[in-house]
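*Asks:*
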Amino acid sequence: MLETLSWLDWAIIAIILVSTLISVKRGFFKEALSLFIWIFAVVASVMFADQLAVVLTPYIDSASLAKIAAMAILFILSLVVGAIISMLMSQLIKITGLSGTDRVLGMVFGALRGVLVVLVVLMIGKHVLPLEQESWWQASVIAPHLNRMETWMVTMATQLRDMVLPLVSGHT
6 MLETLSWLDW AIIAIILVST LISVKRGFFK EALSLFIWIF AVVASVMFAD QLAVVLTPYI
66 DSASLAKIAA MAILFILSLV VGAIISMLMS QLIKITGLSG TDRVLGMVFG ALRGVLVVLV
126 VLMIGKHVLP LEQESWWQAS VIAPHLNRME TWMVTMATQL RDMVLPLVSG HT
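The numbering used here numbers the first residue of the sequence shown as 6 and each following residue consecutively.
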């Protein structure tokens, strides 16, 4: 079976393996918290940039630059606070003795993240370039499975969007 794998298959395996190994080292809670912190930093910087931009306007002449500076400040501040929280949580996990469980869950998280990264890259690549016509794509053992996962993921994302959009917009 190994001799039938194409270079694309090996690249996919390498990406998933690297993501898995990073997450095993860092652990699930640190990885999940890191993901949450980055999402929070983006949301906070977008949601509160206008309020902070008003405070920065006396110091920055351009309203656009004030908003960009506000977003950057909020984003960086959120990441710094998140890093402190993450460090404290890591110490708590070490003290409680959950590090083995944390690493096993981290392995699963990392593998799933690796698959997601590969899926997103391949989805973008397929829509920008005619990848499916390439001989190395057609020789791949893993790519057909990813195509099925992509179809499932798009279907699930569409269903999720259709459920969440009415709740967010206030229309039922």
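Quick reminder that beta carbons are idealized off the backbone N, C-alpha and C, glycines included.
1) Tell me which residue opens and which closes the alpha helix (DSSP H) that residue 119 is part of.
2) Between 68, 44 and 140, which lies nearest to residue 55 when the distance is taken from Cα to Cα?
3) Note down the Cα distance separating residue 43 from residue 84, rounded to an integer number of angstroms.
4) Shortest alpha-carbon distance to residue 158 belongs to which of 11, 20, 62 and 117?
5) Grab me the residues of residue 91's own chain with a C-beta within less than 8 Å of its C-beta, minus the 5 sequence neighbours each way, in chain order.
6) Nearest to residue 72 by alpha carbon, out of 24, 51 and 33?
7) DSSP on residue 155, reduced to helix/strand/coil?
8) Quick one: what's got a C-beta closer than 7 Å to residue 114's C-beta in the same chain, skipping five residues either side?
9) So, with DSSP's three-state summary, where would you put residue 66?
10) Exposed or buried, residue 107, counting other C-beta atoms within 10 Å across all chains shown (16 or more means buried)?
*Replies:* Here's the rundown:
1) Position 114 of the sequence shown holds residue 119. First-last of the alpha helix (DSSP H) with residue 119: 104–133.
2) The residue you call residue 55 lines up with position 50 of the sequence shown. Among 68, 44 and 140, the Cα nearest to that of residue 55 belongs to 68.
3) The residue you call residue 43 lines up with position 38 of the sequence shown. The residue you call residue 84 lines up with position 79 of the sequence shown. Between residue 43 and residue 84, the C-alpha separation is close to 7 Å.
4) Looking up residue 158 in the sequence shown gives position 153. The shortest C-alpha separation from residue 158 is found at 117.
5) As a first step, residue 91 is located in the sequence shown; it is residue number 86 there, counting from the start. If we look at residue 91 and ignore the five residues flanking it on each side, its Cβ neighbours are 35, 38, 39 and 42.
6) If you number the sequence shown from 1, residue 72 lands on position 67. With distances taken between Cα atoms, residue 72 lies closest to 51.
7) Position 150 of the sequence shown, counted from the start, is the residue given in the question as residue 155. In the structure shown, residue 155 sits in a helix (DSSP, three-state: H, G or I).
8) Locating residue 114 in the sequence shown gives position 109, where the first residue counts as 1. If we look at residue 114 and ignore the five residues flanking it on each side, its Cβ neighbours are 28, 33, 36 and 37.
9) Sequence index remark: in the sequence shown, residue 66 carries index 61 (1-based). DSSP places residue 66 in coil when its eight states are reduced to three.
10) Here residue 107 refers to the residue found at position 102 of the sequence shown. With 16 or more Cβ atoms within 10 Å of its Cβ, residue 107 is classed as buried.
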